[in-house]
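All residue numbers for the sequence shown refer to this note's numbering, where the first residue is 77 and numbers rise by one. Yeah, the Cβ is synthetic: ideal placement off N, Cα and C, and Gly gets one too.
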Amino acid sequence: SQHTHSPTNKLNTTMAHHYHGRVHLKSHHGKYLCAEQDGRVVANRDAAREWETWHLEDRGNGNIALRSHHGKYLCAEQNHSVIANRDAAREWETWHAHFPSHDTVQLRS
77 SQHTHSPTNK LNTTMAHHYH GRVHLKSHHG KYLCAEQDGR VVANRDAARE WETWHLEDRG
137 NGNIALRSHH GKYLCAEQNH SVIANRDAAR EWETWHAHFP SHDTVQLRS
């Protein structure tokens, strides 16, 4: 987000699959980004299944929101951590997407 007290987090990920607004995000270390049922976000999965599926929502101007399989949005917290426990996508749940190559996306909060 753009206000001064929000964190700046970067997730360098490879977009493994992109279809109908659904994506699987793979970290530089080859692990998939997963939203746990309690909202924790980890990048430790070897395969992409339901909990590793994110629904990409276009917010315009290069901005996106990512909604987990559990229906919660990925959020950048003030302490520089990420969590997927928000019911709506507002400033802290909006990410700027940069595509340095056809299969790579960098996300900035």
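Based on Cα-Cα distance, which residue from the options lies nearest to residue i?
| i | options | result |
| --- | --- | --- |
| W130 | D122, G115, L142 | L142 |
| G147 | E133, Q154, W171, S157 | E133 |
Quick one: is residue i buried, meaning 16 or more other Cβ sit within 10 Å of its Cβ, or exposed?
| i | result |
| --- | --- |
| E169 | buried |
| E128 | buried |
| A164 | exposed |
| A111 | buried |
| D179 | exposed |
| H100 | buried |
| S77 | A caution first: S77 carries a pLDDT of 40, below 50, which makes its placement in the model too unreliable to give a value. |
| S177 | exposed |
Is the beta carbon of residue j closer than 9 Å to that of residue i?
| i | j | result |
| --- | --- | --- |
| R162 | W171 | no |
| I140 | A119 | no |
| R116 | A160 | yes |
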